[in-house]
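Number of protein chains: 2
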Amino acid sequence: MGPMWAPNGERRTRRPTTKDEVVLLGHGAGGRLTAELLDQLILPALDGAPGPMEDAALLPGSPDLVISTDSFVVSPLFFPGGDIGSLAVHGTVNDLAMRGARPLALSVSLIVEEGLPLSELRSVLGSLGKAAKAVGVPVVTGDTKVVGRGAADKLFINTTGIGQRSGSLHPSAVLARPGDAVLLSGPIGLHGTTVLSTREGLGFDSDIASDTQPLHRLVRAMSPLGPHVHVLRDPTRGGLAAALNEIARDSSVAVEIDEGAIPVPEAVASACDLLGLDPLVVANEGCLVAFVTASVADEALAIMRSVPEGAQAVRIGEVLPEGRRGRVTLRTLVGARRIVEMPLGEQLPRIC
Amino acid sequence: MGPMWAPNGERRTRRPTTKDEVVLLGHGAGGRLTAELLDQLILPALDGAPGPMEDAALLPGSPDLVISTDSFVVSPLFFPGGDIGSLAVHGTVNDLAMRGARPLALSVSLIVEEGLPLSELRSVLGSLGKAAKAVGVPVVTGDTKVVGRGAADKLFINTTGIGQRSGSLHPSAVLARPGDAVLLSGPIGLHGTTVLSTREGLGFDSDIASDTQPLHRLVRAMSPLGPHVHVLRDPTRGGLAAALNEIARDSSVAVEIDEGAIPVPEAVASACDLLGLDPLVVANEGCLVAFVTASVADEALAIMRSVPEGAQAVRIGEVLPEGRRGRVTLRTLVGARRIVEMPLGEQLPRIC
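As you go down the protein sequences, you meet chains A and B in turn. Mapping the first sequence onto the UniProt record's numbering, position 30 (from 1) lands on 30, and the numbers just tick up by one. Mapping the second sequence onto the UniProt record's numbering, position 280 (from 1) lands on 280, and the numbers just tick up by one.
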């Protein structure tokens, strides 16, 4: 969930940032600013190099094991459809699933603000435990830190997951190919608009709920498609726009999607209209995009629709046979084409 | 580093905490309050059960792999001898080492407060990268979240490590046996007093520096001792008092140490006098206690002293042939005995 960084691949050189600059909210929003922070500061400092951004990294020496980490800072802690506890399980389970891995174990690390009611902590952890149990992944280790009042906002949760890949499903953000069909497993925009509406008291949250759910079963159902599944990505921070831009860049392909094919629930559309948001940049926590060989697209859709998590799966576009590499375009309802930009990233802080 | 929880073992039942209680600073300090939070709230919520507190958990299905997680919230970010970046590497590498494992891979997850100077972030990450390189462990994946001003205090870092055990060194907190010699690899109290002095402007930090360092080489040097090494533990939060109490409890043995044998640097003693602290409860980040078969104690000490990290290793006590299980006692300089209590936990927040 969100941009991961795997320090491998080709190094790019850029001017270092100047010393009077500071971290902005947008640096954590999963868009262009996040990518710049990674490329210009984090990876150079770690002596790594910018490479494909995958949702989970391979574990050195254990080629069938993958690892993924995420810190959850969503505000508020509780929202329609979920809470920070279930989200912390689903987010990491889904990152593992996007590499074709089933979850083996989770670690859970808490940073708690002094004064948090124990009842809230218990509720969150109960939800976390229930979500892990539903997925069938054990929480094997953890850590708890408490900081003084005002030094954190209630509760942050890190989960790190270890997953195991098996069979021939080895999707990667670099594997999209010209001609691929682009599939989407369900409607977009629910998580981000729900959290924002709850936080800001906008009232939309009576009509909508976060889509937070684990996607490992959906991915397992797709495993018979094996190497025909080129890319899997859950469009979390930065939404579908960020996910497709990352894939187009990392695979050096041109992607085109149909506005009319993208399922946007009515309440999401209304909320986005009011807030001036493009549903394409709103975070999701329970759907995935799949790039598959065109010849198996119908079979893939049928398989996705056979499990509840993919019941509303649709085909939304394709990888163009040719076109500007790294570019994502949208065919609008009136037949025009517009570029889908990588979101800059400042729009929706603390959405996950 | 600090109490880990591995939800296995025998369940204890206690009264649940009442709903108007809140999280206290002491709940995160590694002492009795931390243990109570774990036993009464966290583990029941996760449907786990209280068990031995190990520094790292075994990975299900991969008996040679261990996993450990820690969130670092130390304040200030920079202190004599280290910073939150190097600490985040050493802490997790050491937790893996305490299970006899060499580090295979680290994940790094950042929670950054809006407004943090990029120069500080770069400095911390440079230190983190340097520490990881010195250990020889790759940072394979990560995550960055940014929260608004006032929603976090500058920077928190989670590291999660995967380690591999090999050979016959399989230490565990449950393996201390009557007659064991208790060894300590170096002086105590440096990290906690340094951080506290720096934070509070007490001025001791001109004389002392954190002992933060990786201990994997020291543990590797001890590996020829194999099964004679029963327990390894780095006495971090809660200090030597917490570490020994946890081992005494988990192994159901009585431990006795000699006050005169415990190396307390003069500056640490002065600082503790002034602050009203017992050096036994002050956090360390670069030493370990080892419980070994008495017959190999001299050999173990010689091995420990052969590497720089263990140059000042000493024997500080033993597991009594009989005595009250779970109790730790101190033979004082004047020949009296006093009980070394598990610290309650409120003394030193945000020390790691």
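No residue lacks a Cβ here, since even glycine has one placed at the ideal position from N, Cα and C.
Asked                                                                                                                                                                                                  : Found
Is it the case that the Cβ atoms of Val231 of chain B and Ala176 of chain B are separated by a distance below 7 angstroms?                                                                             : yes
DSSP state of Val264 of chain A, grouped into three classes?                                                                                                                                           : coil
Pull up the distance between the alpha-carbon of Leu225 of chain A and that of Ala254 of chain B, whole angstroms please.                                                                              : 59 angstroms
Are any of the Cβ atoms in chain A nearer than 7 angstroms to that of Thr92 of chain B?                                                                                                                : no
At the 7 angstroms Cβ level, is Arg122 of chain B part of the contact set with chain A, yes or no?                                                                                                     : yes
Can you confirm whether Phe78 of chain A, when its beta carbon is compared against all beta carbons of chain B, has any partner nearer than 7 angstroms?                                               : no
When we look at the beta-carbon of Ala302 of chain A and count the other beta-carbons within 10 Å, is it buried (16 or more) or exposed?                                                               : exposed
Would you grab the beta carbon distance between Val73 of chain A and Phe156 of chain A for me? Rounded to a whole angstrom, and I think it's under 8 angstroms.                                        : 5 angstroms
To the nearest whole angstrom, what separates the beta carbons of Asp143 of chain B and Arg99 of chain B, a pair I think is in contact under 8 angstroms?                                              : Asp143 of chain B to Arg99 of chain B, Cβ: 25 angstroms. No contact.
Please state whether DSSP places Asn158 of chain B in a helix, a strand or coil.                                                                                                                       : strand
Classify Pro227 of chain A as buried or exposed, calling it buried when 16 or more other Cβ atoms lie within 10 Å of its own Cβ.                                                                       : exposed
Mapping the DSSP letters down to three states, classify Pro7 of chain B as helix, strand or coil.                                                                                                      : The predicted model places Pro7 of chain B with a pLDDT of 37, which falls under 50 and marks its position as unreliable, so this point remains unresolved.
Which chain A residues sit within Cβ distance under 9 angstroms of Leu41 of chain B?                                                                                                                   : Leu118, Leu121, Arg122 and Leu125
Within the continuous alpha helix (DSSP H) that includes Ile84 of chain A, where are the two ends?                                                                                                     : Ile84 to Ala97
Whole angstroms is fine: what's the gap from Leu320 of chain A's alpha carbon to Arg102 of chain A's?                                                                                                  : 31 angstroms
Entirely within the UniProt domain "PurM-like C-terminal" (177-324) of chain B and at least 4 residues each: give me those alpha helix (DSSP H) ranges in chain order.                                 : 190-200, 216-222, 239-251, 266-275 and 297-305
Starting from Thr332 of chain A and walking both ways along the alpha helix (DSSP H), at which residues does that stretch end?                                                                         : Here Thr332 of chain A belongs to no alpha helix (DSSP H), and DSSP marks it neither H nor E.
Which residue's Cα is closest to the Cα of Val66 of chain B: B:Arg122, B:Gly189, B:Gln164 and B:Val112?                                                                                                : B:Gln164
Determine, for Phe204 of chain A, whether the minimum Cβ-Cβ distance to residues of chain B falls below 7 angstroms.                                                                                   : no
Which class does Ala49 of chain A belong to by DSSP, given the choice of helix, strand or coil?                                                                                                        : Confidence is the limiting factor: at Ala49 of chain A the pLDDT is only 48, short of 50, which leaves the residue's position unreliable, though a coordinate-based value still follows. In this structure, Ala49 of chain A counts as coil in the three-state DSSP scheme.
Near Val124 of chain B, which residues of its chain fall below 7 angstroms by C-beta distance, leaving aside the five closest residues on each side in sequence?                                       : Leu77, Asp83, Ile84, Gly85 and Leu155
Taking 6 angstroms as the cut-off, is the beta-carbon of Phe156 of chain A closer than that to any non-hydrogen atom of the ligand ADP?                                                                : Among the components of this structure there are no ligands whatsoever, and the ligand ADP is therefore not found.
Measure the alpha-carbon distance for Ile247 of chain B versus Glu21 of chain B and round it to whole angstroms.                                                                                       : 29 angstroms
Under 7 angstroms between beta-carbons, which chain B residues line up against Thr212 of chain A? List them in chain order, please.                                                                    : None at all; the shortest Cβ gap to chain B is about 17 angstroms.
Between Val104 of chain B and Pro178 of chain A, is the Cβ-Cβ spacing less than 7 angstroms?                                                                                                           : For the record, residue 104 of chain B in the displayed sequence is Leu; it is not Val. No, these two residues do not count as a Cβ contact at 7 angstroms.
Residues bridged to Gly142 of chain A by DSSP?                                                                                                                                                         : A:Val108
Name the chain A residues that come within less than 7 angstroms of Glu21 of chain B, Cβ to Cβ?                                                                                                        : Leu118
Would you grab the beta carbon distance between Arg233 of chain B and Val174 of chain B for me? Rounded to a whole angstrom, and I think it's under 8 angstroms.                                       : Wrong, their Cβ atoms sit about 12 angstroms apart, outside the cutoff.
Can you list, in chain order, the residues of its chain with a C-beta nearer than 6 angstroms to that of Asn158 of chain B? Leave out the 5 residues immediately preceding and following it.           : Ser71 and Ser109
Establish whether the CB of Val147 of chain A and some CB of chain B are separated by less than 7 angstroms.                                                                                           : yes
Between the C-alpha atoms of Thr69 of chain A and Gly28 of chain A, what's the straight-line distance to the nearest angstrom?                                                                         : 15 angstroms
Asp143 of chain B CB to nearest chain A CB: under 7 angstroms?                                                                                                                                         : yes
For Ala101 of chain B, which beta-bridge partners are listed by DSSP?                                                                                                                                  : B:Arg165
By the 10 Å Cβ neighbour count, where 16 or more other Cβ atoms means buried, how is Ile339 of chain A classified, buried or exposed?                                                                  : exposed
Starting from Asp153 of chain A, find everything on chain B with Cβ-Cβ shorter than 9 angstroms and list it in chain order.                                                                            : Val147, Gly148, Gly150, Ala151 and Ala152
Please report the Cβ distance between Gly310 of chain B and Ser185 of chain B, rounded to the nearest whole angstrom; I am assuming they are in contact, meaning their Cβ atoms lie under 8 angstroms. : 4 angstroms
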